[in-house]
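Numbering of the sequence shown is given in my numbering, commencing with residue 6 and proceeding in unit increments.
Every residue gets a Cβ at the ideal spot worked out from N, C-alpha and C, and that includes glycine.
I have placed the structure first, in the form of structure tokens, so that the comments after it can refer back to it.
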Amino acid sequence: MLKIGLTGGIGCGKSTVARLFAELNIPVIDADEIAHQLVEKGQPALTRITNAFGPSVLTDEGTLNRSHLKDLIFSDNRNKQTLEAILHPLIYQSIQSTTEKLSAPYCIICIPLLIETEKTESVDRILVVDCPVETQIARVQSRDHLSDEKIQAIIANQVSRAVRISKADDIIDNSEMEYGLAESVKKLHNLYLSLSPQD
Ligand SMILES: Nc1ncnc2c1ncn2[C@@H]1O[C@H](COP(=O)(O)OP(=O)(O)OP(=O)(O)O)[C@@H](O)[C@H]1O
Ligand SMILES: [Mg+2]
6 MLKIGLTGGI
16 GCGKSTVARL
26 FAELNIPVID
36 ADEIAHQLVE
46 KGQPALTRIT
56 NAFGPSVLTD
66 EGTLNRSHLK
76 DLIFSDNRNK
86 QTLEAILHPL
96 IYQSIQSTTE
106 KLSAPYCIIC
116 IPLLIETEKT
126 ESVDRILVVD
136 CPVETQIARV
146 QSRDHLSDEK
156 IQAIIANQVS
166 RAVRISKADD
176 IIDNSEMEYG
186 LAESVKKLHN
196 LYLSLSPQD
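Below is the structure:
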């Protein structure tokens, strides 16, 4: 099956675009959702995270203390690398086994860090959702109420807009209002159907 890797910087509109593909009955696999499921209580990945960072990453209920883990990652890049070494292989394995079970002309795999993790070869085509950095900041601010500095720090940790675009097979310009998006998605949908091996 044709695998489309959907990526883009924080707040560019990946989830919004993914929803529009889902409305066209195209299966959407979301790496962020998989990452959440992997660290649920009782999951082996949570045990490995606890072994790596100590019991302080758990709440009294034994669930992941996300804000504490986020602090650890932001304060020390080695912690970030340790966490990623645990989670990234598991995320890509889960994506792989999910796509094997699907039957559809193509699927959308939303992977925010597709380029950063150097996993571009795991998909057949790269679709980048793009908007200016100032727009990213404004959208994330109104969605998550994070400080300007925090958002800038997250953006600084991701590849630049130019690098991302240089890797793209397809680009959705999401710098304008949302109502134009459905049209762009429909055009790509028709392209992907025409490229699908089942076609
Ligand atoms: N064209 C648009 N016009 C106005 N608001 C938009 C537009 N596209 C997305 N948004 C809003 O901006 C915010 C970020 O969009 P979205 O959550 O889709 O981005 P994302 O790339 O999935 O972000 P993340 O990297 O955090 O997962 C959301 O609140 C969304 O509703
Ligand atoms: Mg998202």
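| Check | Outcome |
| --- | --- |
| Exposure of residue 43, with buried meaning 16 or more beta-carbon neighbours within 10 Å | buried |
| Boundaries of the beta strand (DSSP E) in which residue 193 is found, first to last residue | Careful: residue 193 lies outside any beta strand (DSSP E), inside the alpha helix (DSSP H) at 186–200. |
| Residue 177 beta carbon less than 8 Å from that of residue 107 | no |
| Boundaries (first-last residue) of the alpha helix (DSSP H) holding residue 155 | 153–161 |
| Closer than 7 Å: residue 135 CB and nearest ligand 2 heavy atom | no |
| Three-state class that DSSP yields for residue 77 in the structure shown | helix |
| Any non-hydrogen atom of ligand 1 within 7 Å of residue 21 CB | yes |
| Beta carbon proximity, residue 22 to chain B, threshold 8 Å | Checking the listed chains, one finds no chain B in this structure; it contains a single protein chain. |
| Backbone secondary structure at residue 107 - three-state DSSP | coil |
| Supposed contact pair residue 115 and residue 32 - C-beta distance, whole angstroms, cut 8 Å | Not really, about 11 Å apart at Cβ, beyond 8 Å. |
| Helix, strand or coil at residue 19 [DSSP, three-state] | helix |
| Proximal residues to residue 189 (C-beta, below 7 Å), its chain only, five neighbours per side dropped | 177 |
| Three-pair Cβ contact test at 8 Å for the stretch 129–144 versus the stretch 90–103 | no |
| Range covered by the alpha helix (DSSP H) that runs through residue 142 | 138–149 |
| CB-CB length for residue 129 against residue 166, believed under 8 Å | 23 Å between Cβ atoms; not a contact. |
| Sub-8 Å separation of residue 121 and residue 163 beta-carbons | yes |
| The stretch 147–160 in contact with the stretch 24–31 per 3-pair CB rule at 8 Å | no |
| Residues near residue 64 in its chain [Cβ-Cβ closer than 8 Å; skip 5 each side] | 70 |
| For residue 118, the three-state DSSP class (helix, strand or coil) | coil |
| Residue 137 versus 160, 61, 118 and 127, residue with shortest Cα-Cα distance | 160 |
| Nearest residue (CA-CA) to residue 76, options 45, 109, 155 and 118 | 155 |
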